[in-house]
Each structure stands twice: as structure tokens, then as C-alpha cells.
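Asks: This is the structure I want to talk about, given as C-alpha cells.
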Amino acid sequence: MMRIRQSSPYTKPSWLRWSLLLVGIVVVAIGIYAAFLYHDINENRTAGFETTKKQVLSATSVTEIEKVVTFNGAESYHVVFGQTDENEGRLVFYPLKGKEKTLTTINEQEMISEEDMLRKWKSNCTDCEFIKIVPGIVDEEVLWEITYRDASDRYVLDYYAIEDGSQFEQYRLKQMFK
């Protein structure tokens, strides 16, 4: 006599359990991979910031560092925003290339502020989508680099003198492929 196994209405076929388990493992693996990838990318973006901070603190009158950003031009720099003991703002450009580092230091009182530069730019470019603003050095001139998309959907890099906000140079890049 053959026995027929009765199934409960609450039991699921074994193939469904295995499929759900496999999907769960894949989702967890993708999540772990994404977390490691994010961490690695962020670490590369901020690589060398701690070394730059130590060098700037020891070589300049800056005693407190607010933030560090990277400028990528013909030469790359870490740009350090800091304060002195007298609460005077300083901008220090730390070159990334070469063993001998010649630091360029700007007193914030001698330059147009980031906020004022953005206000001036926005008044001239009302239909533009702002991306970022970073101080930089191009051809030994200290400049503000403003990156944005203009009304024609071109990627634009504007360079303005950091002392007075006068325009230095501009690059407009047109997207070739969609």
C-alpha cells in the first residue's frame, strides 16, 4: 500500500524556500559589496587630507582647520580653509606634486568671499544649474573655479580672480553623446 503524504495548507514547496534563501543571500552580498565600494571611493577622495593638515599646521600660522577640498587643474592642490590664533581666515594651497612643497597662503580679508562670488555669478547667470565652487591656482593666479550647467545644457568651468572677482577664463563643454 502506498502512502500519500498529506500537505498542510501552510507548507511551501522546497524549491520556493531555496529560491527565497538564494535571493536573500544575493541581496545581502550586493549590500555588503556596495558598502565596501562606497567606503573605498570615499577613502580615495580624501586620501592625503590628514598629511596635508599636519603639514599646514606645522608650516603656517594656521592653528585650526575648518575643511580641506581638492582642486584639480594642470596641477592638483589640497586647499585648506583655516583660522589663525587671531581668528583671521586663511586659505592655504598645498601642492600634491613633488617632494618640495611651496605653500601659497591667502588672507581671507584680501579676497572676495565664496558667498559674494556666488552672488555675483548668480546675478550674471540666472538660468544656470550650480554644481560647485572651489578655490584653485591656474597659471600662478589664485582663482575661484565655479562649475555649472548653463541654459544650453553645457558643462561650464568659470575662473574668477580671488581678489576682486574679475573673470579670468572660461571653458564650455558640449555633451556629444546622450
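Per full-length UniProt numbering, residue 1 is the first one in the sequence shown, and the count goes up by one each step. C-beta: ideal position from N, C-alpha, C; glycine also.
#1: Taking the C-alpha atoms as reference points, what is the distance between F36 and S166?
#2: Which residue comes first and which comes last in the alpha helix (DSSP H) that contains Q55?
#3: I'd like to know whether the C-beta atoms of V156 and G73 end up nearer to each other than 7 Å.
#4: With 7 Å set as the bound, which would you pick, yes or no: does the beta-carbon of K99 sit closer than that to a beta-carbon of chain D?
#5: I need the boundaries of the beta strand (DSSP E) containing A161, first residue and last residue.
#6: Do you know how far the Cα of T147 is from the Cα of I133?
#7: Report yes if the C-beta distance between I65 and K54 is below 7 Å; otherwise report no.
#8: If you count every other CB in all the chains shown that lies within 10 Å of the CB of F93, and 16 or more means buried, which is it?
#9: Which word fits G82, buried or exposed, when buried means at least 16 other C-beta atoms lie within 10 angstroms of its C-beta?
#10: Residues in its own chain within less than 7 Å of L118 by CB, not counting five upstream and five downstream?
#11: From F71 to S61, what distance separates their C-alpha atoms?
#12: Report yes if the CB atom of I106 is closer than 7 Å to the CB atom of L91, and no otherwise.
#13: Report buried or exposed for residue 199, applying the criterion of at least 16 other Cβ atoms within 10 angstroms of its Cβ.
#14: Contact defined as beta carbons within less than 8 Å: I believe S123 pairs with L96. What is the distance between those atoms, to the nearest angstrom?
#15: Between the beta-carbon of Y160 and the beta-carbon of E169, is there less than 7 Å?
Replies: With the given structure in hand:
#1: In this structure, the straight-line span from the alpha carbon of F36 to that of S166 is close to 43 Å.
#2: F49 to A59
#3: Contact: no.
#4: Included in the structure is just one protein chain, with no chain D present.
#5: Counting along the chain, A161 sits inside the beta strand (DSSP E) bounded by residues Y155 to A161.
#6: 6 Å
#7: no
#8: buried
#9: buried
#10: I133
#11: 22 Å
#12: yes
#13: No answer is possible for residue 199: the residues shown for the chain start at 1 and end at 178.
#14: Not really, about 34 Å apart at Cβ, beyond 8 Å.
#15: no
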